[in-house]
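Novice:
In the working numbering, the protein residues as written are 1 to 337.
(1) Could you give the residue range of the alpha helix (DSSP H) that holds residue 264?
(2) Can you tell me the Cβ-Cβ gap for residue 252 and residue 89, rounded? I've got them flagged as a contact below 8 Å.
(3) Taking just the CA atoms, how far does residue 195 sit from residue 36?
(4) Using three-state DSSP, classify residue 322 as helix, strand or coil.
(5) What first and last residue would you give for the beta strand (DSSP E) that runs through residue 147?
(6) Can you name the residues that DSSP bridges to residue 118?
(7) When DSSP labels each residue in this structure, what does residue 242 get in the three-state scheme?
(8) Could you have a look at residue 225 and say whether DSSP puts it in helix, strand or coil?
(9) Go through its chain and collect everything with a Cβ distance to residue 157's Cβ below 8 Å, but skip five positions before and after it.
(10) Please tell me whether residue 254 and residue 214 are closer than 9 Å, where the distance is taken between their beta carbons.
(11) Does DSSP classify residue 333 as helix, strand or coil?
(12) Taking the beta strand (DSSP E) that residue 33 belongs to, which residues open and close that run?
(13) If you follow the alpha helix (DSSP H) that residue 294 is part of, which residue opens it and which one closes it?
(14) If you draw a straight line from the C-alpha of residue 116 to the C-alpha of residue 75, how long is it?
(15) Roughly how many angstroms separate the alpha carbons of residue 272 and residue 307, rounded to a whole number?
(16) With respect to the alpha helix (DSSP H) encompassing residue 142, which residues constitute its N-terminal and C-terminal limits?
(17) By the 10 Å Cβ neighbour count, where 16 or more other Cβ atoms means buried, how is residue 250 classified, buried or exposed?
(18) Please check the pair residue 149 and residue 172, which I expect to be a contact at CB under 8 Å, by giving their CB distance rounded to whole angstroms.
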């Protein structure tokens with residue numbers, strides 16, 4: 001794995017005094033966020049739910065659908081990813097989907113209740129012709145009356161503007177982990193590369209969807225470090241924050257990683273809600289392994305968005321009927337438009 005000392009990264013400085021938990025703060029230190037993680041579970045949940053109700057409609061959940069529009073063949077070596085060419089996972093590389101096929105998928109997603117349609121392409125960085133092709137997909141999705149989001153890898157100058165002009169609402173580019181842990185997971189892309197793409201997206205006036213993955217083998221303090229990076233992004237934290245639970249895929253280096261304690265995942269949701277109060281905090285990958293009780297706790301902790309449908313890129317997800325049944329049990333309503 002790459003030596004993180006060779007990377008150019010922006011670390012969040014530690015507070016020089018004992019950890020405190022500020023009531024409100026424009027910037028969060030890693031110590032302060034770790035102090036949130038350390039709160040008694042009931043206290044943390046109460047605080048997160050209080051913050052949630054101050055900024056969002058109580059008991060409302062956004063439904064988003066994620067479609068892999070270009071699968072496999074990615075040259076990156078992200079240790080969790082079945083689409084990497086470095087690992088034998090059985091995922092076959094494919095070409096970019098046609099506009100008509102994406103339009104039909106968007107129509108199905110809307111009919112099932114989704115309001116945001118996210119498109120993922122397994123590129124390290126799209127070429128100019130790729131961005132032009134995805135712009136056509138964005139136009140098709142917008143024509144169906146859905147919010148459009150895309151995740152295509154690193155963007156070069158001008159690419160975010162092209163996507164914006166096509167109608168893109170959100171661009172997803174996750175930080176994945178704390179800067180100090182990043183080199184244990186990925187060696188083909190620096191942390192700064194991710195920050196540079198986020199800056200280009202912000203500069204183009206496109207909303208940012210940015211989160212990370214937990215359960216990679218990181219410590220609690222490193223989870224706090226990830227949240228600090230997200231909460232302190234300039235000029236503001238992301239509008240949408242997907243929190244992914246590692247989905248262990250045979251053939252990837254993390255296939256045998258020990259399971260993360262489910263309460264630790266719930267704590268991560270709560271801490272994200274407290275530190276980024278106005279963001280949509282989304283339950284993303286890994287819901288299929290959580291069970292209904294853990295998902296219910298995540299909603300209580302402030303999650304108010306889910307990826308909805310039977311597949312996330314190449315990994316499984318609870319199906320639509322199961323999700324609707326759970327939302328009904330919990331008395332949760334879905335956002336309309």
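Note that CB positions come from ideal geometry on N, CA and C, so glycine has one too.
Specialist: For this structure:
(1) 262-275
(2) 6 Å
(3) 25 Å
(4) helix
(5) 147-151
(6) 66, 149
(7) strand
(8) helix
(9) 200
(10) no
(11) strand
(12) Segment 30-37 is the alpha helix (DSSP H) holding residue 33; no beta strand (DSSP E) there.
(13) 292-300
(14) 28 Å
(15) 17 Å
(16) 128-143
(17) exposed
(18) 6 Å
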